[in-house]
Amino acid sequence: MSWIHRTAAEQAAALASGEVTSVELTQAHLDQIAATDGELHAFLHVDAEGALAQARASDERRKAGNPLHELDGVPIAIKDVLTTEGLPTTAGSRILEGWIPPYDGTVTAKIKAAGLPILGKTNMDEFAMGSSTENSAYGPTRNPWDHDRIPGGSGGGSAAAVGAFQAPLAIGSDTGGSIRQPGAMTGTVGVKPTYGSVSRYGVIALANSLDQLGPCTRTVLDSALLHELIGGHDPRDSTSVPNAVTGLADAARAGAARDLNGLRVGIVKELQGDAWNADVVERFDESVALLKEMGADVVEVSLPSFVHAMAAYYLILPAECSSNLAKFDAMRYGRRVTPEGSPSAEEVMKVSRDAGFGDEVKRRIIIGTYALSSGYYDAFYGQAQKIRTLIIEDFKKAFEQVDVLVSPTAPSTAWPIGEKADDPLAMYLQDLATIPANLAGVPGISIPSGLSSADGLPTGIQFLAPVLEDARLYRVGAALESALFEQWGGQITPAAYAPKGAN
Amino acid sequence: MTGGIGAQIRPTRLSAMPELSRDEVRHLADLARIDLSDAELEHLAPQLNVILESVASIQGVAGPDVPATSHPIPMTNVFREDVVVPGLTPQQALAAAPAQEDDKFSVPRILGDEQ
């Protein structure tokens, strides 16, 4: 099997044993990007020269017996929402076209300090607003399973890159499901860590109280390894929690033994029903049966305020983003469009922002401005913040009864590009299952649950755990993954990208 | 679920949802410093009303005794150690400026004709 088809853990082991060099690994992934990305469009920027220089340095360290980290030399892709010094960072927006940040975000700095070559920046919905990556100002990313379909969003680029073997590891950001839902759409693994456990310094903020960076990979263990690398307290993020979540890779390795005796799993009552496609539920039910076979105690639990989560989210998020995006004013950086005559700064701002922002960004800024305006603040934003309290209370009560919660990750499989592009509400409904975790700050993981019997596309299953109990996700996720891999004879892989000679 | 939080949920939709007119959308866009064209107003205004109608369902769901949460994990303000750390050089800070002059950001006039 070629190097690109191996997991990040396998690539790291081969580097440690001297079976392969980082230059060979990095070149193999760059070759895959060159061969496939013209069609897929997972990347907005590829840094072949920089990645190979980092790989050469990694090989020197290995030769000298001084690797920086277990993953030193394993290449990675970074969502274009995170600043990378010297590499373009656009957040998928025209208003940041050509911007080269003068500093690294903390997670970028941690990746560099661990010696992982950075392949490039991945495509995303503009400012992470969307569930399909169609809102990118630079054109959509395609789903590796079917190039006429969306890869999910907002992090469709990272998920597609990992799913198409362009990178073994990628960084995503999850504000309402933007790591987990693309994972489900592309048959990959995605984790939203506990809020505040991975630094947001250098992340182009969408909604500060919801945003969280996390790993996108093909296996649960790979996500655990990357999660441990990027996590930990950061004095440059005032919302950073004091203690790092630990024991994640250990939990994944222990989970692979498939012993879930004593684990209490709660199926969320409110994340079932007509909104969920039968082919998704079919694979979900099979996964739940596997959990029971492995010894888990599965019950149904009710979190009644979940029914209001979507409405609360689509008030809180626009409110925060309308404020956040005010900084894109065309004065200090970013695109400036100057109308004719002798325009004032304010007129330049208005014309620049109209030219630089796409439709979905404008919709959310205007909704947020409305929700925060006097006279409507209490009825909308104030209410949404109270719903947030109710949802946090629901989680607390549920986690008194069970250790983890489970639901399908998304209501459907990947849909055709263009189908919901101008129907914001239809798009918002895709986030039903993923939004509550962001409102409450709890961690979540999505892993593949199989292929739909209706269209042959991947389906995803989501686990949620209490705040700072991220390790539970890796234990149960790795157990289910192991049981499913045994059924499937390995990972599920899109035919066009499968290893040569495989089925 | 017994009393408390569950008892306060009233899943009734209030009908006091005002519809945004095109002029109101234009005003909001002005406040947000976005110069929407007439064609954009035509396109976006109906979509905004659909979104507002769907989120209006939360009005009245939580009573006055439910506290608001601004942040998922309670925290207090923190300060870093009071030590000098290097910042960006003027060259770095100005590298992406649309216009610059004398090591400063150059911006269009900030006062209107009437001011």
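Those protein sequence lines, which keep their order, are chains A and B. Position 8 (the first sequence) corresponds to 17 in my numbering; numbering is contiguous. Position 81 (the second sequence) corresponds to 990 in my numbering; numbering is contiguous. Backbone N, C-alpha and C define an ideal beta-carbon position, used for all residues, glycine too.
Same chain, Cβ closer than 8 Å to GLU33 of chain A, neighbours up to 5 away in sequence not counted: As a working mapping, residue 33 of chain A is identified with position 24 in the first sequence. Cβ neighbours of GLU33 of chain A beyond the five flanking positions: TRP12.
Any beta carbon from chain A within less than 9 Å of SER930 of chain B's own beta carbon? Position 21 of the second sequence, counted from the first residue, corresponds to residue 930 of chain B. Closer than 9 Å: no.
Quick one: is PHE988 of chain B buried, meaning 16 or more other Cβ sit within 10 Å of its Cβ, or exposed? Here residue 988 of chain B corresponds to residue number 79 of the second sequence, with the count starting at 1. By the neighbour-count rule (16 or more Cβ atoms within 10 Å), PHE988 of chain B is not buried but exposed.
When the Cα atoms are used, what is the spatial distance from PRO160 of chain A to LEU460 of chain A? Indexing the first sequence from 1 puts residue 160 of chain A at position 151. Indexing the first sequence from 1 puts residue 460 of chain A at position 451. Each residue's Cα considered, the two are about 15 Å apart.
Own chain, CB closer than 6 Å to PRO126 of chain A, minus 5 neighbours either side, in chain order: Within the first sequence, residue 126 of chain A is the residue found at index 117, counting from 1. Here the set comprises THR35, ALA60, GLN63, ALA64 and PRO84.
Going by DSSP in three states, PHE366 of chain A sits in which element: helix, strand or coil? Within the first sequence, numbered from 1, the residue matching residue 366 of chain A stands at position 357. In this structure, PHE366 of chain A counts as coil in the three-state DSSP scheme.
Three or more C-beta pairs closer than 8 Å, one from the region 255-271 of chain A and one from the region 288-295 of chain A: is that the case here? no
Report yes if the C-beta distance between MET138 of chain A and ALA168 of chain A is below 9 Å; otherwise report no. Taking the first residue of the first sequence as 1, we reach residue 138 of chain A at position 129. Taking the first residue of the first sequence as 1, we reach residue 168 of chain A at position 159. Not in contact: MET138 of chain A and ALA168 of chain A (Cβ atoms no closer than 9 Å).
Nearest residue (CA-CA) to ARG397 of chain A, options A:GLY465, A:MET319, A:ALA430 and A:VAL357: The sequence position of residue 397 of chain A within the first sequence is 388, counting from 1. Minimum Cα-Cα distance from ARG397 of chain A among the listed residues A:GLY465, A:MET319, A:ALA430 and A:VAL357 corresponds to A:MET319.
Apart from the five residues on each side of it in sequence, which residues of its chain come closer than 8 Å, Cβ to Cβ, to GLY271 of chain A? Taking the first residue of the first sequence as 1, we reach residue 271 of chain A at position 262. Same-chain partners within the cutoff: GLY304 and ASP306.
Using a Cβ-Cβ cutoff of less than 6 Å, which residues in the same chain neighbour LEU515 of chain A once the five nearest sequence positions on both sides are dropped? The shown model of chain A, from 10 to 512, leaves out residue 515 of chain A, and the question about it has no answer.
Excluding five sequence neighbours on each side, which residues of the same chain lie with their C-beta closer than 7 Å to the C-beta of GLY129 of chain A? If you number the first sequence from 1, residue 129 of chain A lands on position 120. The residues are PHE52, HIS54, VAL55, ASP56 and ALA86.
Do you know how far the Cα of TYR506 of chain A is from the Cα of ASP155 of chain A? Your numbering for residue 155 of chain A matches position 146 in the first sequence. Your numbering for residue 506 of chain A matches position 497 in the first sequence. In this structure, the straight-line span from the alpha carbon of ASP155 of chain A to that of TYR506 of chain A is close to 11 Å.
At what residue ranges does the region 965-1013 of chain B contain a whole run of the beta strand (DSSP E), taking only runs of 3 or more? Complete beta strand (DSSP E) runs here, min 3: none at all.
Give a yes or no on whether 9 Å exceeds the smallest Cβ distance from THR398 of chain A to chain B. For the purposes of this step, residue 398 of chain A is taken as residue 389 along the first sequence, with counting starting at 1. Interface residue, yes.
Complete alpha helix (DSSP H) runs within the region 173-221 of chain A (minimum length 4 residues, chain order): 189-195
Cα-Cα separation, TYR483 of chain A to LEU234 of chain A: Along the first sequence, read from residue 1 onward, the residue named residue 483 of chain A stands at position 474. Along the first sequence, read from residue 1 onward, the residue named residue 234 of chain A stands at position 225. Going by the C-alpha atoms only, they are around 11 Å apart.
For SER946 of chain B, count neighbouring Cβ atoms within 10 angstroms of its own Cβ and tell me buried if that reaches 16, exposed if not. By 1-based counting over the second sequence, the position of residue 946 of chain B is 37. Classification of SER946 of chain B: exposed, given that the 10 Å Cβ count is below 16.
Going along chain A in order, which residues have a C-beta closer than 7 Å to the C-beta of ALA1005 of chain B? Sequence index remark: in the second sequence, residue 1005 of chain B carries index 96 (1-based). Per Cβ cutoff of 7 Å: TRP108, ILE109 and TYR342.
Compute the distance between the beta-carbons of THR339 of chain A and VAL310 of chain A, then report whether it is under 9 Å. Your numbering for residue 339 of chain A matches position 330 in the first sequence. Your numbering for residue 310 of chain A matches position 301 in the first sequence. Note on identity: in this sequence residue 339 of chain A is Ala, with Thr being the wrong assignment. When the beta-carbon positions are compared, ALA339 of chain A and VAL310 of chain A stay at least 9 Å from each other.
Bridge partners of PHE52 of chain A, per DSSP? What you label residue 52 of chain A is simply residue 43 of the first sequence in a count that begins at 1. According to DSSP, PHE52 of chain A bridges with A:THR131.
Coil, strand or helix - GLN410 of chain A by DSSP: Residue 410 of chain A sits at position 401 when you count from the first residue of the first sequence. GLN410 of chain A: helix per DSSP, three-state reduction.
Near ALA393 of chain A, what residues of its chain come up, given a Cβ to Cβ distance below 7 Å and the 5 sequence neighbours on each side ignored? Translated into the one-based positions of the first sequence, residue 393 of chain A becomes position 384. Excluding sequence neighbours, ALA393 of chain A sits near ALA321, LEU324 and ILE325.
Given 8 Å, three or more beta-carbon pairs between the region 15-35 of chain A and the region 224-241 of chain A: Touching, per the Cβ criterion.
Going along the chain, which residues of its own chain have a beta-carbon closer than 6 Å to the beta-carbon of GLY166 of chain A, five neighbours each way excluded? Taking the first residue of the first sequence as 1, we reach residue 166 of chain A at position 157. ALA51, THR131, ASN132, MET133 and THR150, listed in sequence order.
Neighbouring residues, chain B, relative to ILE376 of chain A (Cβ below 9 Å): Against the first sequence, residue 376 of chain A aligns to sequence position 367. Within chain B, the residues near ILE376 of chain A are LEU937, LEU957, ILE960, LEU961 and VAL964.
Establish whether the CB of ASP947 of chain B and some CB of chain A are separated by less than 9 Å. Residue mapping note: residue 947 of chain B aligns to position 38 of the second sequence, counting from 1. With 9 Å as the cut-off, ASP947 of chain B does not count as an interface residue toward chain A.
Considering just the uninterrupted stretch of the alpha helix (DSSP H) at ARG931 of chain B, what are its terminal residues? In the second sequence, counting from the first residue as 1, residue 931 of chain B sits at position 22. 931-940 is the extent of the alpha helix (DSSP H) around ARG931 of chain B.
Going along the chain, which residues of its own chain have a beta-carbon closer than 7 Å to the beta-carbon of GLN500 of chain A, five neighbours each way excluded? Taking the first sequence and counting its residues from 1, one reaches residue 500 of chain A at position 491. Result list for GLN500 of chain A: ARG227 and PHE494, in chain order.
With distance defined between alpha-carbon atoms, name the residue in A:LEU399, A:ILE120 and A:GLU355 nearest to VAL1016 of chain B. The sequence position of residue 1016 of chain B within the second sequence is 107, counting from 1. Looking at A:LEU399, A:ILE120 and A:GLU355, the one whose alpha-carbon comes closest to that of VAL1016 of chain B is A:GLU355.
Please compile the residues from chain B whose C-beta is within a distance smaller than 7 Å of the C-beta of ASP363 of chain A. Counting from 1 along the first sequence, the entry for residue 363 of chain A is found at position 354. Those within 7 Å of ASP363 of chain A in chain B are ILE943, ASP944 and LEU945.
With a cut-off of 8 Å on the beta carbons, I'd call LEU269 of chain A and LEU300 of chain A a contact; round off their distance for me. Stepping through the first sequence from its first residue, residue 269 of chain A is reached at position 260. Stepping through the first sequence from its first residue, residue 300 of chain A is reached at position 291. So it is a contact: roughly 6 Å between Cβ atoms.
Quick check: VAL207 of chain A and CYS225 of chain A, are their CB atoms within less than 9 Å of each other? Position 198 of the first sequence, counted from the first residue, corresponds to residue 207 of chain A. Position 216 of the first sequence, counted from the first residue, corresponds to residue 225 of chain A. For VAL207 of chain A and CYS225 of chain A, no; Cβs fall outside 9 Å.
What residues in its chain sit with their C-beta under 6 Å from that of VAL413 of chain A, if we drop five residues either side in the sequence? As a first step, residue 413 of chain A is located in the first sequence; it is residue number 404 there, counting from the start. Excluding sequence neighbours, VAL413 of chain A sits near VAL274, PHE472, ALA474, ARG481 and VAL485.
Looking only at its chain, what residues have a beta carbon closer than 6 Å to the beta carbon of ALA564 of chain A, apart from the 5 residues adjacent to it on each side? Past the edges of chain A, shown from 10 to 512, lies residue 564 of chain A, and the structure says nothing about it.
CB-CB length for ALA146 of chain A against SER102 of chain A, believed under 8 Å: Here residue 146 of chain A corresponds to residue number 137 of the first sequence, with the count starting at 1. Here residue 102 of chain A corresponds to residue number 93 of the first sequence, with the count starting at 1. So it is a contact: roughly 6 Å between Cβ atoms.
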